[in-house]
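Student: Respectively, the protein sequence lines represent chains A and B.
Under our numbering, think of the first position of the first sequence as 1, with each following residue one higher.
Under our numbering, think of the first position of the second sequence as 1001, with each following residue one higher.
Virtual Cβ for every residue (Gly too), placed ideally from N, Cα, C.
Protein chains: 2
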Amino acid sequence: MTRARHALSLAARGRRVAVVSSGDAGVFAMASTVFEAVEQEREWRQLDIEVIAGVSAMFAAAARLGAPLGQDFCAISLSDNLKPWDVVAERLVAAAAAGFVIALYNPRSRARSWQLGEAFDLLRATLPPSTEVAFATALSLPQEKIATTTLEKADPTLADMRTLVLIGSVMTRRIDRPGALPWLYTPRRSGL
Amino acid sequence: MTRARHALSLAARGRRVAVVSSGDAGVFAMASTVFEAVEQEREWRQLDIEVIAGVSAMFAAAARLGAPLGQDFCAISLSDNLKPWDVVAERLVAAAAAGFVIALYNPRSRARSWQLGEAFDLLRATLPPSTEVAFATALSLPQEKIATTTLEKADPTLADMRTLVLIGSVMTRRIDRPGALPWLYTPRRSGL
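1) Let me know the secondary structure DSSP gives A/Arg174 once reduced to three states.
2) For the beta strand (DSSP E) holding B/Phe1135, just list the boundary residues, first then last.
3) Does the contact criterion of 3 or more C-beta pairs under 8 Å hold for the stretch 1126–1145 of chain B versus the stretch 115–130 of chain A?
4) Over the uninterrupted beta strand (DSSP E) stretch that includes A/Ser180, give me the two end residues.
5) B/Leu1164 to B/Met1058, Cα distance in whole Å?
6) Looking at chain A, which residues of the stretch 1133–1162 of chain B have a Cβ within less than 7 Å of any of its Cβ atoms?
7) Counting only beta-carbon atoms, is B/Val1101 nearer than 7 Å to chain A?
8) Just to make sure I have the definition right: I need the residues of chain A whose C-beta is within less than 9 Å of the C-beta of B/Trp1183. Which are they?
9) Quick test of your reading: A/Pro68 and A/Thr149, contact by CB under 8 Å. State the CB separation rounded to the nearest angstrom.
10) For the alpha helix (DSSP H) that contains A/Val38, what are its first and last residues?
11) Indicate whether A/Gly26 and B/Ala1097 have their beta-carbon atoms separated by less than 7 Å.
12) Do you know offhand how far A/Ala4's Cα is from A/Phe35's?
13) Provide the residue span of the alpha helix (DSSP H) that contains B/Thr1002, from first to last.
14) Among A/Gly23, A/Leu8 and A/Ile49, which residue has its Cα nearest to the Cα of B/Ala1180?
15) Which of the three DSSP states is assigned to A/Gly26 in this structure?
16) Could you tell me whether the Cβ atoms of B/Ala1159 and B/Leu1116 are closer together than 7 Å?
17) According to the neighbour-count rule (16 or more other Cβ atoms, all chains shown, within 10 Å of its Cβ), is B/Met1030 buried or exposed?
18) Looking at C-beta atoms only, is the number of pairs between the stretch 1009–1022 of chain B and the stretch 1038–1053 of chain B that lie closer than 8 Å three or more?
19) Can you pull the chain A residues whose beta carbon is under 8 Å from the beta carbon of B/Ala1053, in chain order?
20) Between which two residues does the alpha helix (DSSP H) holding B/Val1087 run?
21) Which same chain residues end up closer than 7 Å to A/Arg188 when comparing Cβ atoms and leaving out the 5 residues on each side of it in sequence?
22) Measure the C-alpha to C-alpha separation of B/Ala1147 and B/Leu1104 and round it to an integer number of angstroms.
23) Would you kindly work out how many angstroms separate the C-alpha atoms of A/Ala53 and B/Met1161, rounded to a whole number?
As structure tokens, then:
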């Protein structure tokens, strides 16, 4: 918020300012914080603000994995710094039960070590053990690491702050390949 | 599917082939169809396939509107060509009840004229009348058109095949501006 307010007050004094955010600034990132600040100061509504869309982690991960987001999907931040854990838990269960492919942002950090394991347990109560799960870490960086597994075997310690965790729906399919990561994809057609 | 199979069979004969899709090929688009075809022919698993992420309509729309996707969100295709309407209806209600911001793809076409009106009615049973709604049509084209309204007043005939419809959550806020479209944003913090 300090960064957003600082940028807006510079802009109000006539400067051209950019607020930089990794991924897509509009997805769990700085754009929302900037508009929260705009709402607080009437004069900032006059500013000429442009949001530039980017490629958020879930889409970068999906492209590496195949096409797991070919069907209805949702994105949930596991951080309970910004909302109560009960809300996170309710959304996880509702999304899994309704057949959404689920992307988990902010799955794990040093200060938030139990949330991802708890999320897997909640999902295991709704989805089959064979549900496809992928961990995509540090995408597009030299340390990039991608792992695919199943909900039954999903190990929360594979995730850190730079990881996007993707949970398939019952429709998500896995195509094994010799000597390479499997492809994951979700067919566009379902249940007809 | 014919296009995907044609591309893969050319690639299997050693050609370099690109399958082009508007928005993000991974989101309700051609990438999923390509992998469905890959699964059908064992030799196609050997092909060197790269999916390139793009900016899907919901993120282009979100950037124009402010930051409505700053919190947990989902994407639902309203097309019941590819899945039964019951599944669409169940996902709409589950997503609204759980507090997701909702992006609707394929809201309306000449052959599918009633689905969006029915979707609004389902959402009105769960969300307040004042819920923010936006119609974003033909984004980035010369005919681009954006309209914001509320769930109470949302008129399905504002949508066509090129429209992305965005439904806020109860947290989504509107910042009115003189002589310009209002900003819509969803604060990252909720209910703490």
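Tutor: In short:
1) Here residue 174 of chain A is taken as the residue at index 174 of the first sequence, counted from 1. The three-state secondary structure of A/Arg174, taken from DSSP, is strand.
2) Numbered from its first residue, the second sequence carries residue 1135 of chain B at position 135. Note, B/Phe1135: beta strand (DSSP E), Glu1132 to Thr1137.
3) no
4) By one-based count along the first sequence, residue 180 of chain A stands at place 180. A small fix is needed here, since residue 180 of chain A is Ala in this sequence, not Ser. First-last of the beta strand (DSSP E) with A/Ala180: Ala180 to Tyr185.
5) On the second sequence, residue 1164 of chain B is found 164 positions in, with the first residue counted as 1. On the second sequence, residue 1058 of chain B is found 58 positions in, with the first residue counted as 1. One C-alpha to the other measures close to 7 Å.
6) none
7) What you label residue 1101 of chain B is simply residue 101 of the second sequence in a count that begins at 1. No, because no Cβ of chain A sits closer than 7 Å to the Cβ of B/Val1101.
8) Taking the second sequence and counting its residues from 1, one reaches residue 1183 of chain B at position 183. Within 9 Å Cβ-Cβ: Phe35, Val38, Glu39, Arg45 and Ile49.
9) Here the question's residue 68 of chain A lines up with position 68 in the first sequence. Here the question's residue 149 of chain A lines up with position 149 in the first sequence. With a Cβ gap of about 13 Å, A/Pro68 and A/Thr149 do not count as contacting.
10) Translated into positions along the first sequence, residue 38 of chain A becomes position 38. A/Val38 -> alpha helix (DSSP H) spans Met30 to Gln40.
11) As a first step, residue 26 of chain A is located in the first sequence; it is residue number 26 there, counting from the start. As a first step, residue 1097 of chain B is located in the second sequence; it is residue number 97 there, counting from the start. In this structure, B/Ala1097 does not lie closer than 7 Å to A/Gly26 by Cβ.
12) The count along the first sequence starts at 1 and reaches residue 4 of chain A at position 4. The count along the first sequence starts at 1 and reaches residue 35 of chain A at position 35. Each residue's Cα considered, the two are about 8 Å apart.
13) In the second sequence, residue 1002 of chain B corresponds to position 2, counting from 1. Counting along the chain, the unbroken alpha helix (DSSP H) around B/Thr1002 starts and ends at Thr1002 to Ala1012.
14) Position 180 of the second sequence, counted from the start, is the residue given in the question as residue 1180 of chain B. Comparing Cα-Cα distances from B/Ala1180 to each of A/Gly23, A/Leu8 and A/Ile49, the minimum goes to A/Ile49.
15) On the first sequence, position 26 is the one that residue 26 of chain A refers to. Three-state DSSP puts A/Gly26 in coil, outside helix and strand.
16) Counted from its first residue, the second sequence places residue 1159 of chain B at position 159. Counted from its first residue, the second sequence places residue 1116 of chain B at position 116. Against a cut-off of 7 Å, the Cβ pair of B/Leu1116 and B/Ala1159 comes out as a contact.
17) Here the question's residue 1030 of chain B lines up with position 30 in the second sequence. Result: buried.
18) The stretch 1009–1022 of chain B vs the stretch 1038–1053 of chain B: in contact.
19) One-based indexing of the second sequence puts residue 1053 of chain B at position 53. Near B/Ala1053 (Cβ distances below 8 Å), the residues of chain A are Val55, Phe59, Ala60, Ala62 and Ala63.
20) Stepping through the second sequence from its first residue, residue 1087 of chain B is reached at position 87. It spans Trp1085 to Ala1097 - the alpha helix (DSSP H) in which B/Val1087 sits, taken as one unbroken run.
21) Stepping through the first sequence from its first residue, residue 188 of chain A is reached at position 188. Taken in chain order, the residues that qualify are Gly70 and Gln71.
22) Position 147 of the second sequence, counted from the first residue, corresponds to residue 1147 of chain B. Position 104 of the second sequence, counted from the first residue, corresponds to residue 1104 of chain B. Here the alpha carbon of B/Ala1147 sits roughly 15 Å from the alpha carbon of B/Leu1104.
23) By one-based count along the first sequence, residue 53 of chain A stands at place 53. By one-based count along the second sequence, residue 1161 of chain B stands at place 161. A/Ala53 and B/Met1161: Cα-Cα distance of roughly 22 Å.
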